[in-house]
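Residue numbers (my numbering): 356 to 396. One structure below.
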Amino acid sequence: MFSFVESISEESITIRTEKFMYVLMNNNTVLALCRVNIFIN
Numbered sequence: 356m357f358s359f360v361e362s363i364s365e366e367s368i369t370i371r372t373e374k375f376m377y378v379l380m381n382n383n384t385v386l387a388l389c390r391v392n393i394f395i396n
């Protein structure tokens, strides 16, 4: 039972990390696009 709960917590941490990295990459892309737009304008 304890190992089952442990595996769930590990999976949720992995999912959170993936979401966090995904958000970071999206933010970097948005920032890069904003910089390009400012540069063009």
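Even glycine gets a Cβ: it sits at the ideal position worked out from N, Cα and C.
Contact with chain B by residue i, beta-carbon distance below 8 angstroms
i	result
Y377	Of the protein chains in the structure, only one exists, and it is not chain B.
Residue i to residue j span [Cα, whole Å]
i	j	result
E366	N382	24 angstroms
F394	S364	44 angstroms
Y377	C389	18 angstroms
V385	V391	10 angstroms
T369	A387	27 angstroms
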